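A.B. asks: The following block contains the structure, expressed as structure tokens.
2 protein chains.
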Amino acid sequence: MRDTDKDIIRGLRLFADVEADKFDSLMMAAYAQRFPAHVDLIREGETADFLYIVLEGSVELFSTSHGRETSMAIVAPVSTFILAATIKDAPYLMAARTLEPSKLLLIPSSNVRTVFGDDPAFARAIVTELASCYRSVVKSMKNLKLRTAIERVGNYIIRLHDKSGKADIVELPFGKRNLASILGMTPENLSRAFGALQSHGIMMDGARIEILDRAALEAISKPNPLIDDPRS
Amino acid sequence: MRDTDKDIIRGLRLFADVEADKFDSLMMAAYAQRFPAHVDLIREGETADFLYIVLEGSVELFSTSHGRETSMAIVAPVSTFILAATIKDAPYLMAARTLEPSKLLLIPSSNVRTVFGDDPAFARAIVTELASCYRSVVKSMKNLKLRTAIERVGNYIIRLHDKSGKADIVELPFGKRNLASILGMTPENLSRAFGALQSHGIMMDGARIEILDRAALEAISKPNPLIDDPRS
DNA sequence: ATAGTTAGTTGATGAATGTCAAGACGTGTA
DNA sequence: TACACGTCTTGACATTCATCAACTAACTAT
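Heads up: the protein sequence lines correspond to chains H and E, in order.
Per UniProt numbering, residue 1 is the first one in the first sequence, and the count goes up by one each step.
Per UniProt numbering, residue 1 is the first one in the second sequence, and the count goes up by one each step.
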């Protein structure tokens, strides 16, 4: 793999403190690969052969059961996914596919587990990473259980707004079909929710959203830092 | 604290491999305490001062937002809760209260973080524990997003049945009000779901459920090991 | 005993959300 | 250009689920 990729990986908190030789052994075993859009990467229930890192593009994690399907998360660069399954050597609970042409790094799970056992710094970094993942799923669950569909959509827009540095206009980072599934509703219902929010401080134009009245948007969305704040 | 408690803690996978002196330092700082039923232990948003371990009784983890409330999990002996917040030194995402008279062990978070930094075996054990917690929330989320109310109730009974070693009669481990919230529905709806399931292989009598026709129960519940199997 | 309290049930109703069908719009391709 | 395709939107309708109210049963306290 290229040295630039290596530097990027080194920059991730997960790998920042790994001993040099351990890090090299991981990178030797790893390989970067480009995938077209809409390619299945892993299936639910398979055993975790690789730890994945998204370098470019985006990857959807989703689950299926008896004919129904739902998006669990969308992974943007640069971050890992399915770390928990890798560490536990357990079957994947979610399937993964590319949403767009993407560049991924694959590190064999056995190497990850070896270094995890040998290098305390790596073990500690994994703890922090897993704790973050855990807290992020808990937040998603609170979002689902404590809010109506409109509130979920409203708060999603608010988060986009915050991330953009409160620019007036924000853009949806992926298709509405995917967003609807992430937010636990049908695409039709997401459309209606966007429609309803137009009288509460926003204006939609395709994937672009203009925030006209942040206060009104907050009034109907009722944001809560213990659900929405990515840092908490 | 008593030696018997200490032995119980030592028996937890989380503490099994901690070095003796580190373990003692944790236990010196910790204290066991009995609480009556329905006592608030922690509130959402507070910083994580203690790692909790349920020794006896049971504890409900729940969340609140703008007047709504939902149960996230119920913790039975012997296990820890709010490990992630402790490690990250971050605010609790969930509140906790006793459901019944309970005995808990409280370990100051700072001590946990110290040993976590010093003892690689402890760090590794925490990784495994956190990975399990993470996977368990993911499963709950799949349960919520991919299933109807009746399916969730049916699969809950199936899990009870499996845990009991497939005894004909199982008993709900806590009140229906709490169960309804855990399963993401109202108590009224849980009642109706139980009612509906009576024509699909079960018979209810208060908190006791007789499984008459496991195949019929599975037919309507559509169990899925990647959601229901606690080991996977 | 009597009243008060709580958990649970049941029925009637309404709100929220999903489903189905049709159409608009944009995009890539023959 | 015209066609097919996918995405999104909109409306009508069905279903699921929550809400409200009334009621029962069991337990507590006086």
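Ideal Cβ placement from N, Cα and C applies to all residues, glycine included.
Because the structure is a prediction, the values reported are computed rather than measured.
Below 8 Å on C-beta distance, what does Ile150 of chain E contact in chain H?
C.D. replies: Position 150 of the second sequence, counting from 1, holds the residue named residue 150 of chain E. Neighbours of Ile150 of chain E on chain H: none; closest Cβ ~13 Å, over 8 Å.
A.B. asks: In the stretch 103-119 of chain E, which residues sit with their C-beta less than 8 Å from some C-beta in chain H, listed in chain order?
C.D. replies: Correct list: Phe116 and Gly117.
A.B. asks: What does a CB cutoff of less than 7 Å around Thr186 of chain H pick up in its chain, not counting 5 residues either side in sequence?
C.D. replies: The count along the first sequence starts at 1 and reaches residue 186 of chain H at position 186. Counting only Cβ-Cβ distances below 7 Å, and skipping sequence neighbours, we find Ala180.
A.B. asks: Along chain H, which residues have their Cβ under 8 Å away from the Cβ of Lys139 of chain E?
C.D. replies: As a first step, residue 139 of chain E must be located in the second sequence, where it is residue number 139. Leu93, listed in chain order.
A.B. asks: Note down, in chain order, every chain E residue with its Cβ under 9 Å from the Cβ of Met72 of chain H.
C.D. replies: Within the first sequence, residue 72 of chain H is the residue found at index 72, counting from 1. The answer, in chain order, is Val138, Met141, Lys142 and Lys145.
A.B. asks: Where are the alpha helix (DSSP H) runs, 4 residues long or more, that stay fully inside the stretch 59-139 of chain E, in chain order?
C.D. replies: You should have 83-88 and 109-118.
A.B. asks: Residues of the UniProt domain "HTH crp-type" (147-215) of chain H in Cβ contact with chain E at a cutoff of 8 Å, in chain order, please.
C.D. replies: The UniProt domain "HTH crp-type" (147-215) of chain H vs chain E, Cβ under 8 Å: Arg147 and Gly184.
A.B. asks: Taking Gln198 of chain E as the reference, give the member of E:Ile182, E:Glu218 and E:Gly184 with the closest Cα.
C.D. replies: Mapped onto the second sequence, residue 198 of chain E falls at position 198. Per the Cα distances, E:Glu218.
A.B. asks: On a Cα-Cα basis, can you pick out the residue from H:Lys142, H:Val39, H:Leu12 and H:Gly45 that is closest to Ser232 of chain E?
C.D. replies: In the second sequence, counting from the first residue as 1, residue 232 of chain E sits at position 232. Among H:Lys142, H:Val39, H:Leu12 and H:Gly45, the Cα nearest to that of Ser232 of chain E belongs to H:Gly45.
A.B. asks: Can you find a CB in chain E that lies within less than 9 Å of the CB of Val18 of chain H?
C.D. replies: Looking up residue 18 of chain H in the first sequence gives position 18. Chain E, which has no Cβ nearer than 9 Å to the Cβ of Val18 of chain H, makes this no.
A.B. asks: Rounded to whole angstroms, what is the Cα-Cα separation between Arg97 of chain H and Met141 of chain E?
C.D. replies: As a working mapping, residue 97 of chain H is identified with position 97 in the first sequence. As a working mapping, residue 141 of chain E is identified with position 141 in the second sequence. Going by the C-alpha atoms only, they are around 19 Å apart.
A.B. asks: Give me, in chain order, the residues of the same chain whose beta-carbon lies closer than 6 Å to that of Ala193 of chain H; leave out the 5 immediate sequence neighbours on both sides.
C.D. replies: Within the first sequence, the letter at position 193 stands for residue 193 of chain H. Within the same chain, Ala193 of chain H has close Cβ partners Ala149, Ile150 and Val153.
A.B. asks: Name the DSSP bridge partner or partners of Tyr52 of chain E?
C.D. replies: Position 52 of the second sequence, counted from the first residue, corresponds to residue 52 of chain E. Answer by DSSP bridge pairing, in chain order: E:Phe81 and E:Leu106.
A.B. asks: What does the alpha-carbon distance come out to for the pair Met72 of chain H and Leu144 of chain H?
C.D. replies: Looking up residue 72 of chain H in the first sequence gives position 72. Looking up residue 144 of chain H in the first sequence gives position 144. For Met72 of chain H and Leu144 of chain H, the distance between alpha carbons rounds to 12 Å.
A.B. asks: At a CB distance below 8 Å, what residues from the stretch 122-135 of chain H approach chain E? Give them in sequence order.
C.D. replies: Residues passing the 8 Å Cβ filter: Ala123, Arg124, Ile126, Val127, Thr128, Leu130, Ala131, Ser132, Cys133, Tyr134 and Arg135.
A.B. asks: If distances are taken between C-alpha atoms only, which option among E:Val59, E:Pro36, E:Ile82 and E:Ser79 comes closest to Ile182 of chain E?
C.D. replies: The residue given as residue 182 of chain E occupies position 182 in the second sequence. Considering only alpha carbons, the answer is E:Val59.
A.B. asks: Contact criterion: CB-CB distance below 9 Å. Does Arg68 of chain H meet it with respect to chain E?
C.D. replies: For the purposes of this step, residue 68 of chain H is taken as residue 68 along the first sequence, with counting starting at 1. Interface residue, yes.
A.B. asks: By a C-beta neighbour count over all protein chains shown, 10 Å radius and 16 as the cutoff for buried, is Lys163 of chain H buried or exposed?
C.D. replies: The residue labelled residue 163 of chain H in the question sits at position 163 within the first sequence. Per the 10 Å Cβ criterion, exposed.
A.B. asks: Tell me, to the nearest whole angstrom, how far the beta carbon of Arg177 of chain H is from that of Ala84 of chain E; I am working on the premise that it is less than 8 Å.
C.D. replies: For this step, residue 177 of chain H is matched to residue 177 along the first sequence. For this step, residue 84 of chain E is matched to residue 84 along the second sequence. That belief does not hold up - the Cβ atoms of Arg177 of chain H and Ala84 of chain E are roughly 32 Å apart, past 8 Å.
A.B. asks: Using beta-carbon positions only, say whether Leu105 of chain H and Tyr31 of chain H come within less than 9 Å of one another.
C.D. replies: For this step, residue 105 of chain H is matched to residue 105 along the first sequence. For this step, residue 31 of chain H is matched to residue 31 along the first sequence. Yes, Cβ-Cβ distance for Leu105 of chain H and Tyr31 of chain H is below 9 Å.
A.B. asks: How long is the line joining the alpha carbons of Leu212 of chain E and Gly201 of chain E, rounded to whole angstroms?
C.D. replies: Your numbering for residue 212 of chain E matches position 212 in the second sequence. Your numbering for residue 201 of chain E matches position 201 in the second sequence. Taking the straight line from one Cα to the other gives about 5 Å.
A.B. asks: When you compare only the Cα positions, how much space is there between Ala215 of chain E and Lys222 of chain E?
C.D. replies: Mapped onto the second sequence, residue 215 of chain E falls at position 215. Mapped onto the second sequence, residue 222 of chain E falls at position 222. Computed Cα separation, rounded: 10 Å.
A.B. asks: Determine whether the Cβ of Pro225 of chain H lies closer than 9 Å to any Cβ atom of chain E.
C.D. replies: For the purposes of this step, residue 225 of chain H is taken as residue 225 along the first sequence, with counting starting at 1. Chain E contact via Cβ: present.
A.B. asks: Between the beta-carbon of Phe116 of chain E and the beta-carbon of Arg124 of chain H, is there less than 9 Å?
C.D. replies: Position 116 of the second sequence, counted from the first residue, corresponds to residue 116 of chain E. Position 124 of the first sequence, counted from the first residue, corresponds to residue 124 of chain H. A contact, by the Cβ cut-off of 9 Å.
A.B. asks: Need the endpoints of the alpha helix (DSSP H) that Phe23 of chain E sits in, please.
C.D. replies: Position 23 of the second sequence, counting from 1, holds the residue named residue 23 of chain E. Note, Phe23 of chain E: alpha helix (DSSP H), Ala20 to Ala29.
A.B. asks: Output yes or no for whether 9 Å exceeds the beta carbon distance between Asp89 of chain H and Lys22 of chain H.
C.D. replies: What you label residue 89 of chain H is simply residue 89 of the first sequence in a count that begins at 1. What you label residue 22 of chain H is simply residue 22 of the first sequence in a count that begins at 1. For Asp89 of chain H and Lys22 of chain H, no; Cβs fall outside 9 Å.
A.B. asks: Give the straight-line distance between the Cα atoms of Pro108 of chain E and Pro77 of chain H, rounded to the nearest whole angstrom.
C.D. replies: Locating residue 108 of chain E in the second sequence gives position 108, where the first residue counts as 1. Locating residue 77 of chain H in the first sequence gives position 77, where the first residue counts as 1. Cα-Cα distance, rounded: 36 Å.
A.B. asks: Does any residue of chain H bring its CB to less than 9 Å from the CB of Glu100 of chain E?
C.D. replies: Within the second sequence, numbered from 1, the residue matching residue 100 of chain E stands at position 100. For Glu100 of chain E, the answer is no, since every Cβ of chain H falls outside 9 Å of its Cβ.
A.B. asks: Taking Cβ positions only, does Ala219 of chain H come closer than 9 Å to chain E?
C.D. replies: The residue you call residue 219 of chain H lines up with position 219 of the first sequence. Output row for Ala219 of chain H: interface = no.
A.B. asks: Going by C-alpha distance, which of H:Ala29, H:Leu93 and H:Val54 is nearest Val75 of chain H?
C.D. replies: On the first sequence, residue 75 of chain H is found 75 positions in, with the first residue counted as 1. Closest option to Val75 of chain H, Cα to Cα, is H:Val54.
A.B. asks: Can you check DSSP and say which residues form a bridge with Asp168 of chain H?
C.D. replies: For the purposes of this step, residue 168 of chain H is taken as the residue at position 168 of the first sequence. In DSSP, Asp168 of chain H forms no bridge with anything.
A.B. asks: State the Cα-Cα distance for the pair Val112 of chain E and Val127 of chain H, rounded to the nearest angstrom.
C.D. replies: Taking the first residue of the second sequence as 1, we reach residue 112 of chain E at position 112. Taking the first residue of the first sequence as 1, we reach residue 127 of chain H at position 127. Distance between the alpha carbons of Val112 of chain E and Val127 of chain H is about 13 Å.
A.B. asks: Counting only the same chain and skipping the five closest in sequence on each side, list residues whose C-beta sits under 6 Å from that of Thr47 of chain E.
C.D. replies: Here residue 47 of chain E is taken as the residue at index 47 of the second sequence, counted from 1. Only Pro91 meet the Cβ criterion.
A.B. asks: Would you list the one or two residues that DSSP bridges to Phe15 of chain H?
C.D. replies: One-based indexing of the first sequence puts residue 15 of chain H at position 15. BP columns for Phe15 of chain H are empty, so no partner.
A.B. asks: On the three-state DSSP scale, how would you describe Ala32 of chain E?
C.D. replies: In the second sequence, residue 32 of chain E corresponds to position 32, counting from 1. Strand.
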